[in-house]
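Chemist:
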Amino acid sequence: MTASGPPAPDSGASGADVSGTDASGTGASSASASDARVRRAASSASALGARAGPPLAVAVLALVAWWAAARTAAVPDVIFPTPFDVGAALAAHWPALVGAAGVTAATAGLGVGGGALVGVLLAAAMTASETARAVVRPYVVALRVVPVVAVAPLLFRWFGDGVPARALLAGTLAVFPVTIATHQGLAATPDEYLALARSVGASSAAQFLRVRLPAAAPQAFAGLKIAAAAGVVGAVVAEFLTLKAGIGYRVFRASTRLQTARMVAALGVLALLGVAFYLLPALVERRVDRG
């Protein structure tokens, strides 16, 4: 009697089982990834709603109170316009207001960028040398204490009233917060970090770029956010004084012509511009933290 071996496996069925398993596994992983994306999106939307909800609610209440006060007060609309009047003025002059805001943004951006660069350099010098700190600090404080309105005529007499001079005025407001905040961050770098960098032979420049500067980033960004908002204020003050194109000039022009609704619309655009300037460093800081 001849012994018979085990039956040969059905290669077709086996292949089908394997391919079916692969397909089901791939489908399950795709579904899981899709569910994770949906959950992340829902979580982000919920967090955004939680952050934006209270300010939006306050804005709605303020608009309702404004409308009620404007309707009940015995004051002409030319003096106390309603939100609808301001909305109509905003819609009618939107292109001009956006263009003016672009001029102000360019002026403030140049000023804040230059002022922030100067502030970081001064902070580095103050951290590296006690002599530099003793020399620089009084002048930085004096630059902040002197009113910008008092400095502006002198700057415009020396440098004209174009965009560079107006950006320079905005930059003077950005130097102080960046210098002080960045210096505090650089000076507070833990000694253990610096000792570890020196133990691996890092140069002074490498210690500054790879140890001190990252450690000081939170304070530096805090100063930059303040400087960004202050730079917009400086640009608007310069436009008020020079009567040049910009959102500040639009506000001044509307106020002198008793165009109150248009003036309030321009102020609204200016407020949005200031918020955008404040949020930009905050977004960069968040990306740096995640990276």
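Oh and the sequence shown: position 284 is 284 in full-length UniProt numbering, straight run, nothing missing.
Virtual Cβ for every residue (Gly too), placed ideally from N, Cα, C.
Being a predicted model, the structure only gives us computed values, none of them experimental.
(1) At which residue ranges does the segment 67-130 contain complete alpha helix (DSSP H) runs of 4 or more residues, listed in the order of the chain?
(2) Look at the Cβ atom of arginine 257, then the Cβ atom of alanine 89, and state whether they are nearer than 8 Å.
(3) Let me make sure I understand the geometry here. Which of Val98, Ala167 and Arg137 has the alpha-carbon closest to that of valine 237?
(4) Cutting at 7 Å between CB atoms, please list the residues of its own chain near alanine 266, excluding the five before and the five after it.
(5) Compute the distance between the beta-carbons of phenylalanine 156 and threonine 242, then report whether it is under 8 Å.
(6) Using the three-state DSSP reduction, which class does isoleucine 162 fall into: helix, strand or coil?
(7) Report the CB separation of glycine 185 from alanine 220 in whole angstroms; it is logged as a contact under 8 Å.
(8) Taking only the alpha-carbon atoms, compute the straight-line gap between tyrosine 278 and valine 233 and give it to the nearest angstrom.
(9) Tell me which residues share the same chain as leucine 151 and place their Cβ nearer than 8 Å to its Cβ, disregarding the 5 neighbours each side in the sequence.
(10) By how many angstroms is the C-alpha of glutamate 130 removed from the C-alpha of arginine 210?
(11) Please go through the same chain and pick out, in chain order, the residues whose beta-carbon is closer than 7 Å to the beta-carbon of glycine 53, but skip the five residues on each side of it.
(12) Is the distance from the Cβ of alanine 123 to the Cβ of threonine 189 below 8 Å?
(13) If we count the other Cβ atoms within 10 Å of its Cβ and call it buried at 16 or more, is arginine 286 buried or exposed?
(14) In whole angstroms, give me the CA-to-CA distance for alanine 235 and leucine 272.
(15) Nearest CA to the CA of alanine 187: which residue from Asp85, Val120 and Gly268?
Modeler: Answer, in terms of the structure:
(1) 83-92 and 94-128
(2) no
(3) Ala167
(4) Leu97, Ile247, Arg250, Val251 and Ala254
(5) yes
(6) Reading the sequence as shown, one finds glycine at residue 162 and not isoleucine. Coil at glycine 162, not helix or strand.
(7) 6 Å
(8) 12 Å
(9) Checking the sequence, you will find valine at residue 151 rather than leucine. Leu169 and Thr172, listed in sequence order.
(10) Within the model, the alpha-carbon separation for arginine 210 versus glutamate 130 is close to 22 Å.
(11) Apart from sequence neighbours up to five positions away, no residue of its chain approaches glycine 53 with a beta-carbon distance below 7 Å.
(12) Not a contact, by the Cβ cut-off of 8 Å.
(13) exposed
(14) C-alpha separation (whole angstroms): 15 Å.
(15) Of the candidates Asp85, Val120 and Gly268, Val120 places its Cα closest to the Cα of alanine 187.
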